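A.B. asks: The sequence shown maps to residues 1 to 158 in UniProt numbering.
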Amino acid sequence: MTRAFPWFAARSLREQRLILVMLALLAVTVTWAGIIRPVGDALSSAQERQADAVTRLGETRAQVEAVRTAQALHGPALAGTLADTVRARADAAGFTLASLDPQADDRVHVTLSSARPGVLVAWLARLERAGVLIDSTRMTDNGDRTVSADLVLKAQGR
Numbered sequence: 001m002t003r004a005f006p007w008f009a010a011r012s013l014r015e016q017r018l019i020l021v022m023l024a025l026l027a028v029t030v031t032w033a034g035i036i037r038p039v040g041d042a043l044s045s046a047q048e049r050q051a052d053a054v055t056r057l058g059e060t061r062a063q064v065e066a067v068r069t070a071q072a073l074h075g076p077a078l079a080g081t082l083a084d085t086v087r088a089r090a091d092a093a094g095f096t097l098a099s100l101d102p103q104a105d106d107r108v109h110v111t112l113s114s115a116r117p118g119v120l121v122a123w124l125a126r127l128e129r130a131g132v133l134i135d136s137t138r139m140t141d142n143g144d145r146t147v148s149a150d151l152v153l154k155a156q157g158r
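Right under this line is the structure:
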């Protein structure tokens with residue numbers, strides 16, 4: 001610094017003013033590029049992340065509410081056991097069950113050897129409205145406009 005001041009003092013007034021303007025512009029540029037712009041970018045990024053987080057929070061709350069509503073609607077209580085309910089509803093719909101085997105966890109395995117697809121799907125929809133859910137299903141085309149079905153059903157809310 002002690003060598004810079006005599007050097008600066010040896011310059012003409014015009015050169016001194018130009019050097020001061022250059023140093024002021026350098027200070028402004030360093031302040032803008034080193035402080036203002038990074039802070040502005042960080043703030044903008046933080047605002048975007050916050051907006052995304054608020055959106056995700058709203059979606060999550062809506063999904064949680066939907067799950068709570070679904071859990072609150074356990075469906076109507078079954079009149080008897082799950083196997084008895086499925087057998088009675090299959091008989092009422094005109095289906096002949098090839099097998100109906102109760103399984104653990106309040107599930108039944110049902111096999112139908114022949115059913116029309118539209119009627120079978122409508123029957124399954126009625127079962128769901130009655131509180132019997134489809135855990136898994138496999139339908140195979142019989143080649144005569146009917147399907148065979150292998151179903152695992154469970155009571156809603158269990």
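Idealized CB from N, CA, C, for every residue including glycine. Quick caveat, the model's predicted, so the values are computed rather than measured.
DSSP three-state call for residue 103: helix, strand or coil?
C.D. replies: Strand at residue 103.
A.B. asks: Using beta-carbon positions only, say whether residue 90 and residue 82 come within less than 7 Å of one another.
C.D. replies: Their beta carbons are not under 7 Å apart, which means residue 90 does not touch residue 82 by this criterion.
A.B. asks: For residue 31, which three-state DSSP category applies?
C.D. replies: Residue state, collapsed to three classes: helix.
A.B. asks: For residue 11, which residues in the same chain have their Cβ closer than 8 Å to its Cβ, ignoring the five residues on either side in sequence?
C.D. replies: Excluding positions up to five away in sequence, the list reads 19.
A.B. asks: DSSP three-state call for residue 138: helix, strand or coil?
C.D. replies: If DSSP states are grouped into helix, strand and coil, residue 138 belongs with the strands.
A.B. asks: State the beta-bridge partners of residue 122 as determined by DSSP.
C.D. replies: Its beta-bridge partners do not exist; DSSP assigns none.
A.B. asks: Who does residue 155 pair with in a DSSP beta bridge?
C.D. replies: Residue 155 is bridged to 132.
A.B. asks: Tell me the residue span of the alpha helix (DSSP H) that contains residue 5.
C.D. replies: Residues 4 to 9.
A.B. asks: Specify, as a first and last residue, the run of the alpha helix (DSSP H) that residue 146 falls within.
C.D. replies: Looking at the DSSP string, residue 146 is not in any alpha helix (DSSP H), and its letter there is neither H nor E.
A.B. asks: Taking buried to mean at least 16 other C-beta atoms within 10 Å of its own C-beta, is residue 28 buried or exposed?
C.D. replies: Classification of residue 28: exposed, given that the 10 Å Cβ count is below 16.
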